[in-house]
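Peer 1: Can you read through this structure? Questions will come right after.
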Amino acid sequence: MISRREFLSLAAAFSATAVLPAGSFAANKAKVVVIGGGVGGATFAKYLRRKAPDVDVTIIEQNPIYIRPYGSSEVLTGHVNMSDLEVNYDVLRNQYGIKVAIDRAIGLDADRKIIKTASGTDYAYDRLVVSPGIELNYERVEGYSKELAETKAPSGWIPGSQTSLLRDQIKTMRQGGTMLIVAPPNPYRCPPGPYERGALIAEWMQKHNPTGKVIITDPKDKFTAGNNFLLGWNRLYGYNIPMEFMDDMPDDVVEHSTPGMIDWIPGKDGGTPLTFDAANMSVKTEGGNIKADVINIVPPMKAGKIAQQFGLTNEQGWCPVNRVTFESQKIANVHVLGDASIADAMPKSGFAANTQAKVAAYAIAHLLAGDTPEQSPAFENTCYALAGSDYGFFVSAVYELRDGKISKKEAPGLQDLKATEAQRRLSAVYQQAWMKSFTEDCFA
Amino acid sequence: MKKVMILSALLLSSSAFADERAEIMANNCAGCHGTDGIVENSALISIAGLKADVFIQTMQDFRNNERASTIMRNVALALSDDEIAAMAKYFEALPTGEEK
Ligand SMILES: Cc1cc2nc3c(=O)[nH]c(=O)nc-3n(C[C@H](O)[C@H](O)[C@H](O)COP(=O)(O)OP(=O)(O)OC[C@H]3O[C@@H](n4cnc5c(N)ncnc54)[C@H](O)[C@@H]3O)c2cc1C
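First to last, the protein sequences are chains A and B. Counting in our numbering, the first sequence runs from 254 upward without gaps. Counting in our numbering, the second sequence runs from 276 upward without gaps.
See below:
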């Protein structure tokens, strides 16, 4: 028997108008197509199939194996290998009956509700979900480019060959060398990420390159869980906390007499990066020139390219959506999840993408059934972060809709600066446990 | 203790809460506590099948710092009593790992 997909591609081959509208096929199954089998797309597909088993769900994902970004900085210190980041689609396919097409979405016909892919296949949908993650805008740092990121100064913010290149550069750096991390402007994927990366590398250097140094140069004056990081750096890497961050610090903060292994230059002190000089391996900032042996640039970012191509983005490059259904405010019947979407108070994190995906799955199940979704959904974010392998803390919040916007519910959102050593250790243990439990909730 | 009893009483009257909202809120726990509240071979614990009064008491203890935690104090403080009660009811009804 010919499958619907084969039929569609055959039909497309004969005539551009031969594709049947989604609802009209024999079984009359509703069709949902998902672009991107990352955190948002995979979670969405799984939870939609659980909620509405008779909906036909197809994920279009360009890579046969997903390389998870969360936890990928741990590759840089050898704590995990690249292969530990790999996630396959077997359970989604075999247990949940989700079709996973390894293909790249390239075109949208929103009127006829059809997605076109690189292989020449057309996919008809009743509802389209787009969760393409981010696009890195390398060129927004003058002198930087994708090519230089792949060969000379990796970003590693979408994990892959840049991640292993960066790992090798750190490993072979001369003793006493400097690693420079260029932090991005808001908003960006994983707000604590650049600072956690710097801390993990400083910890690695304590063992393998004790005279080495990590510098983080930053266009921002503060960052997520900043006080927790600064305190951890003070305790672990001899960092001196600037006066303006000393307010709620515990008593054991010490003033170190020698410079520590880690330094952070905020925007107000000239940290804003201006140009990258590949030949001299240096970054010119507003405050001056920083020369380094290894340079890791996390460039400004936007919603994944396909969201931009489809016309789902605003002037800033992110996708405005309805906060109940995640339906695009630009194109009807198209929904945007995860990093690419504008979710107000929620950060661009995996945890956020995962809880948005579940809310959207339930909402779309209702829409396909012709009724009304729950109008007051709830979301959550929890990001455990590390200042060292045994030194953890977290950002966490529950969110609800207020005046049509996703807002944080009133509660403390960070680990107390006075947390005990046991609590910090436990946060580090949970950080590791979460990598597995979370991957299972998304992909298995 | 008194608070717990008030919360338990809410269990009976939580029908004002659409079941689906409880389910949506419970889904937010799954990233750590597993899909349907079951997580295996983990430092994190399964919460499927937990008795509702135990769930409520535990959340109270997190809130009041009577039980040490990492994120759970903040989560418990962010949730209202009715939300906790609705989630307690939801998780109590889920089969545990052994029952599944
Ligand atoms: C160093 C680092 C550490 C992090 N740590 C954490 C953490 O501790 N906790 C946390 O919650 N989050 C963390 N994150 C963030 C988290 O990984 C992302 O927020 C999350 O992956 C976003 O999910 P998404 O679905 O939006 O995008 P992704 O997971 O990136 O998925 C997008 C998918 O779409 C595919 N795709 C794109 N375009 C197309 C196309 N045209 N056709 C087909 N497929 C396409 C891509 O191949 C990809 O598989 C971290 C990120 C980094 C970089």
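Using N, Cα and C, we set each Cβ at its ideal position, and we do this for glycine too. Keep in mind that this is a model prediction, so the values were computed, not measured.
Comparing alpha-carbon positions, which option in A:Thr635, A:Ala616, A:Gly623 lies nearest A:Lys601?
Peer 2: A:Thr635
Peer 1: What are the residues of the segment 329-363 of chain B that lie near chain A, defined by any Cβ-Cβ distance shorter than 7 Å?
Peer 2: Ala343, Thr345, Ile346, Asn349, Val350, Leu352, Ala353, Leu354
Peer 1: Would you mind giving the Cβ-Cβ distance between A:Val536 and A:Thr470, rounded to the nearest angstrom? I have them listed as a contact below 8 Å.
Peer 2: 7 Å
Peer 1: Quick check on A:Phe563: does DSSP put it in helix, strand or coil?
Peer 2: coil
Peer 1: Taking one C-beta from the segment 678-696 of chain A and one from the segment 520-533 of chain A each time, how about it: are there three or more such pairs within less than 8 Å?
Peer 2: Judged by Cβ distances under 8 Å, the segment 678-696 of chain A makes no contact with the segment 520-533 of chain A, as fewer than three pairs qualify.
Peer 1: Taking the alpha helix (DSSP H) that A:Pro447 belongs to, which residues open and close that run?
Peer 2: 446-461
Peer 1: Give the single residue among A:Ile550, A:Asn575, A:Ala402 whose Cα lies nearest to the Cα of A:Arg450.
Peer 2: A:Ile550
Peer 1: Quick check on DSSP: helix, strand or coil for A:Arg393?
Peer 2: Secondary structure at A:Arg393: helix, using DSSP grouped into helix, strand and coil.
Peer 1: Grab the span of the alpha helix (DSSP H) containing B:Phe330 for me, first residue to last.
Peer 2: Per DSSP, B:Phe330 is one residue of the alpha helix (DSSP H) stretching across 327-338.
Peer 1: Looking only at its chain, what residues have a beta carbon closer than 8 Å to the beta carbon of B:Thr371, apart from the 5 residues adjacent to it on each side?
Peer 2: For B:Thr371, the CB contacts under 8 Å within the same chain, skipping 5 residues up- and downstream, are Ile313, Ser321, Ala323, Gly324 in chain order.
Peer 1: Throw me the rounded Cβ distance for the A:Glu456 and B:Glu295 pair, which I believe falls under 8 Å.
Peer 2: Not really, about 45 Å apart at Cβ, beyond 8 Å.
Peer 1: Cβ atoms of A:Leu639 and A:Asn480: under 8 Å apart, would you say?
Peer 2: no
Peer 1: With hydrogens ignored, establish whether the beta-carbon of A:Val292 is closer than 7 Å to any heavy atom of ligand 3.
Peer 2: Looking at this structure, you won't find ligand 3 anywhere; what it does contain is ligand 1.
Peer 1: Can you give me the C-alpha to C-alpha distance between B:His308 and B:Leu319, rounded to a whole angstrom?
Peer 2: For B:His308 and B:Leu319, the distance between alpha carbons rounds to 6 Å.
Peer 1: What is the DSSP secondary structure of A:Ile550, reduced to helix, strand or coil?
Peer 2: strand
Peer 1: If A:Thr477 and A:Pro445 are in contact, beta carbons under 8 Å, what's the gap, nearest whole angstrom?
Peer 2: 5 Å
Peer 1: Should A:Gly429 and A:Thr464 be called a contact, given that it needs their Cβ atoms to be closer than 8 Å?
Peer 2: Yes, the Cβ-Cβ distance between A:Gly429 and A:Thr464 is below 8 Å.
Peer 1: As an exercise, report each continuous beta strand (DSSP E) stretch of at least 3 residues that is fully enclosed by the segment 464-545 of chain A, in chain order.
Peer 2: Runs of the beta strand (DSSP E) inside the segment 464-545 of chain A: 466-470, 515-518, 526-530, 535-538, 541-544.
Peer 1: At the 8 Å Cβ level, is A:Pro444 part of the contact set with chain B, yes or no?
Peer 2: Chain B contact via Cβ: absent.
Peer 1: Quick check on the burial criterion: 16 or more other C-beta atoms within 10 angstroms. Buried or exposed for A:Ile318?
Peer 2: exposed
Peer 1: Should A:Asn586 and A:Lys366 be called a contact, given that it needs their Cβ atoms to be closer than 8 Å?
Peer 2: yes
Peer 1: Using 8 Å as the threshold, is the C-beta distance between A:Gly564 and A:Ile387 below it?
Peer 2: Annotated as distal: A:Gly564 and A:Ile387, with beta-carbon spacing of 8 Å or more.
Peer 1: Taking Cβ-Cβ distances shorter than 7 Å, what residues in chain A pair up with B:Gly324?
Peer 2: Neighbours of B:Gly324 on chain A: none; closest Cβ ~17 Å, over 7 Å.
Peer 1: Going by the C-beta, is A:Ala358 closer than 7 Å to any heavy atom of ligand 1?
Peer 2: yes
Peer 1: Output the distance between the C-alpha atoms of A:Pro322 and A:Thr416, rounded to the nearest integer angstrom.
Peer 2: 10 Å
Peer 1: Who are the neighbours of A:Phe647 on chain B, taking C-beta pairs under 8 Å?
Peer 2: Thr345, Ile346
Peer 1: For the beta strand (DSSP E) containing A:Ser660, list its first residue and its last residue.
Peer 2: 658-661
Peer 1: Would you mind stating whether B:Thr333 and A:Asp694 have Cβ atoms separated by less than 8 Å?
Peer 2: Note that the C-beta distance between B:Thr333 and A:Asp694 is not below 8 Å.
Peer 1: Measuring only from the beta carbon, is A:Tyr319 closer than 7 Å to any heavy atom that is part of ligand 1?
Peer 2: It does: the Cβ of A:Tyr319 is within 7 Å (strictly closer) of some heavy atom of ligand 1.
Peer 1: Between the segment 601-632 of chain A and chain B, which residues of the former have CB atoms less than 7 Å from a CB of the latter, in chain order?
Peer 2: Phe604, Asn607, Thr608, Lys611, Val612, Tyr615, Glu627, Ser629, Pro630, Ala631, Phe632
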